[in-house]
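The sequence shown lines up with residues 1 to 285 when you count with the working numbering.
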Amino acid sequence: MFSCQKYFSEKAAQNDKKEARNLKRTSFSASKDGAATVEASLILPLFLIVLLLLASAGEFLMIHGQIAHGLKEAACQAATAEYAAGRAGKGGKILSGISAGAVFLSSVDRQFLDRSGLLGGSKKAAASIRLTKNAKEEYEAQLTYTIRKEYPFLPEITGVYTQKIRQKAMTGYVPDGDERSEGMVYITPHESVYHTDLNCTHLALDISVDDEVEKYLEGKTAYKECEKCTKYHDGEIVCLYVAKEGEAYHTDLSCSGLKRTVQQVDKSTLKGVKPCQRCKKQEDT
Numbered sequence: 001m002f003s004c005q006k007y008f009s010e011k012a013a014q015n016d017k018k019e020a021r022n023l024k025r026t027s028f029s030a031s032k033d034g035a036a037t038v039e040a041s042l043i044l045p046l047f048l049i050v051l052l053l054l055a056s057a058g059e060f061l062m063i064h065g066q067i068a069h070g071l072k073e074a075a076c077q078a079a080t081a082e083y084a085a086g087r088a089g090k091g092g093k094i095l096s097g098i099s100a101g102a103v104f105l106s107s108v109d110r111q112f113l114d115r116s117g118l119l120g121g122s123k124k125a126a127a128s129i130r131l132t133k134n135a136k137e138e139y140e141a142q143l144t145y146t147i148r149k150e151y152p153f154l155p156e157i158t159g160v161y162t163q164k165i166r167q168k169a170m171t172g173y174v175p176d177g178d179e180r181s182e183g184m185v186y187i188t189p190h191e192s193v194y195h196t197d198l199n200c201t202h203l204a205l206d207i208s209v210d211d212e213v214e215k216y217l218e219g220k221t222a223y224k225e226c227e228k229c230t231k232y233h234d235g236e237i238v239c240l241y242v243a244k245e246g247e248a249y250h251t252d253l254s255c256s257g258l259k260r261t262v263q264q265v266d267k268s269t270l271k272g273v274k275p276c277q278r279c280k281k282q283e284d285t
């Protein structure tokens, strides 16, 4: 005999089992989605940090490459153009830094270096170049620079690096009776004396860079404002360039006030031009 009560009881039990299975399946699916969300929230920041570090490593390599190229060009220029600077007994003497800095700036990507992590930018790097000539007739261009990189949520990375480029002097073949022994001297367009030493401080300016700009701007030094570059400078002044023999401070390393145009001429062609006393003292010593 068919029992309605038994039928509906069995039907209700089947429905309860089906609902339990659906609830279990839903709970398992939700737990899987939650686990995937947590993994994504952990992996994404790590992925971004790795990309940031890789990009920074590429920037570091590009900075090193640019500086190496600029130093190489500066050393080659010195080896080509300054070979006549007192070859005998002058090894290791500091040469003109302004020519090295100008060649460096014309050889590198200044816009990239100024926007990179290179501390002080391209101008400070150019002014910090040390150009020397050793006893082996080799020109050495050396630069010590700092790269500083700041990251969000990460510690700052700062590194100090030194690069040195060595170039053999390109003196070529010097036959007997070289023209310098016939009285070749050096002159500048606006001076009334001639020089026998290309390394004379009147020709090779001793230029230094100073980060303490306040003492210059407040008139606490003997240097005055350059009428050619500093007077028309816009924006923040990070560093200043001063020549030991000069009277003004400069914001532009390529300013004409920091340059000397030197010509090599035969002494016999000069009339009424006196010798430089500083060169004469160096010859006597």
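Note that CB positions come from ideal geometry on N, CA and C, so glycine has one too. Owing to the predicted nature of the structure, the values given are computational and were not obtained by experimental measurement.
Residue i - DSSP class collapsed to helix/strand/coil
i	result
L205	coil
P189	coil
P45	helix
S27	Any answer about S27 is weak, because its pLDDT of 49 lies below 50 and its placement is not dependable; what the coordinates show is given next. Of the three classes helix, strand and coil, the one that applies to S27 here is helix, per DSSP.
G235	coil
T80	helix
L131	strand
K228	coil
R115	helix
V103	helix
G257	helix
G120	coil
L71	helix
A126	helix
K280	helix
Contact belief for residue i with residue j at Cβ below 8 angstroms, rounded distance in angstroms
i	j	result
A102	A78	Actually they do not touch by this definition, with Cβ atoms about 12 angstroms apart.
T196	V262	Actually they do not touch by this definition, with Cβ atoms about 12 angstroms apart.
A125	Y145	5 angstroms
K267	V185	5 angstroms
F104	G70	4 angstroms
Sheet register partners of residue i (DSSP bridge)
i	result
P275	Y194
A57	Answer is none; A57 lacks a bridge partner.
R166	E140
H250	Y241
D210	L240
M184	D266
V50	Per DSSP, none; premise fails for V50.
Y216	Answer is none; Y216 lacks a bridge partner.
G159	I147
L154	Y151
TODO: Spell out a yes or no on whether the segment 211–230 and the segment 250–257 are touching, meaning 3 or more CB-CB pairs, one atom from each, closer than 8 angstroms.
DONE: yes
Open item on the list: Contact between the segment 138–151 and the segment 64–76 is defined here as three or more beta-carbon pairs at a separation below 8 angstroms; is this criterion met?
Closed with: yes
Open item on the list: Any contact between the segment 102–120 and the segment 42–55? By contact I mean 3 or more CB pairs, one from each, below 8 angstroms.
Closed with: no
Open item on the list: Across the segment 206–214 and the segment 239–247, are there enough close Cβ pairs to call them in contact, namely three or more that are closer than 8 angstroms?
Closed with: yes
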